[in-house]
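Participant: Let me begin by handing over the structure; questions about it come next.
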Amino acid sequence: MVEIVQKEAEVLHKKAEEVPLSDIGTPKLRKIIADMSKALASQSDGVAIAAPQINVPLRIFVVSGSVFSVLRDEELPKKLADGKDKIPPAKDLVFINPVITRLSREKIWMEEGCLSVRWQYGLVERSKKAKVKAFNEHGVPFEMGGSGILAEIFQHETDHLDGVLFIEKATDLQEIPPEEHDDHIPRNKHNG
Ligand code: ZN
-2 MVEIVQKEAE VLHKKAEEVP LSDIGTPKLR KIIADMSKAL ASQSDGVAIA
48 APQINVPLRI FVVSGSVFSV LRDEELPKKL ADGKDKIPPA KDLVFINPVI
98 TRLSREKIWM EEGCLSVRWQ YGLVERSKKA KVKAFNEHGV PFEMGGSGIL
148 AEIFQHETDH LDGVLFIEKA TDLQEIPPEE HDDHIPRNKH NG
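Just so we're aligned, residue -2 is where the sequence shown starts under the numbering used here, counting upward by one.
Below you can see the structure in the form of structure tokens.
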């Protein structure tokens, strides 16, 4: 069990350090990434996690494969979608030293939650589209654009790496304890 630290933790309020590129692929860094995926998988409503959330002050975030599975399945033609259980779930995606390279001027209000701010939810104004460049767990640079939930995740997670929590930007904050959650968390509740 990997502990997810909560909002009082000092590590969540500090700027995280760049990962030295020579550390990528080392057992130490692989363990950190595996721990992040483990912590994320332990939360049924989690979509992404940043390293400071497991008390590691490094610039890394991981996006759950479930996000990509949902996005992928939405794109599938109906016939294929019917058999989508046969398609393996997408893998978690690792972003090391991520930098946002583009934010759309168009913004939308997203309802957000955070694995480190249980159990508050609020509305945050985010760019509708975002592009991020990073290194993957093998040290290969890549760039990825996204809109909607993915764009919001990029912004929420890079905020974590800069020591910023969504509650510092949100309006209409409300506490929704787990016993009031539906079994099926609506997709507009994003916990990163
Ligand atoms: Zn968060």
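Here a beta-carbon is modelled for each residue, glycine too, at the ideal position from N, C-alpha and C. From a predicted model like this one, the values you see are computed outputs, not experimental measurements.
(1) Let me make sure I understand the geometry here. Which of Gly145, Pro74, Asn94 has the alpha-carbon closest to that of Glu109?
(2) By the three-class DSSP mapping on this structure, what secondary structure does Met33 have?
(3) Have a look at Pro239 and Asp79 and give me their C-alpha separation to the nearest angstrom.
(4) How long is the line joining the alpha carbons of His181 and Ser41, rounded to whole angstroms?
(5) Considering only residues of the segment 87 to 123, which uninterrupted beta strand (DSSP E) runs meet the minimum length of 3 residues and lie entirely inside it, listed in chain order?
(6) Starting from Gln171 and walking both ways along the beta strand (DSSP E), at which residues does that stretch end?
(7) Are there any heavy atoms of the ligand ZN lying less than 7 Å away from the beta-carbon of Leu55, as far as the coordinates show?
(8) For Gln3, count the other beta carbons within 10 Å of its own beta carbon; 16 or more makes it buried, fewer makes it exposed. Which is it?
(9) With distances taken from CA atoms, which of Ala48, Thr98, Ala167, Ala36 is nearest Asn142?
Facilitator: According to the structure shown:
(1) Gly145
(2) helix
(3) This structure cannot speak to residue 239, because the chain is shown only from -2 to 189.
(4) Here the model assigns His181 a pLDDT of 48, short of 50, so the residue's position is not dependable, and the following value carries that caveat. The straight-line gap from Cα to Cα measures roughly 10 Å.
(5) 90 to 100, 104 to 110
(6) 168 to 172
(7) no
(8) exposed
(9) The residue asked about is misnamed: residue 142 is Gly in this sequence, not Asn. Nearest of Ala48, Thr98, Ala167, Ala36 to Gly142, Cα basis: Thr98.
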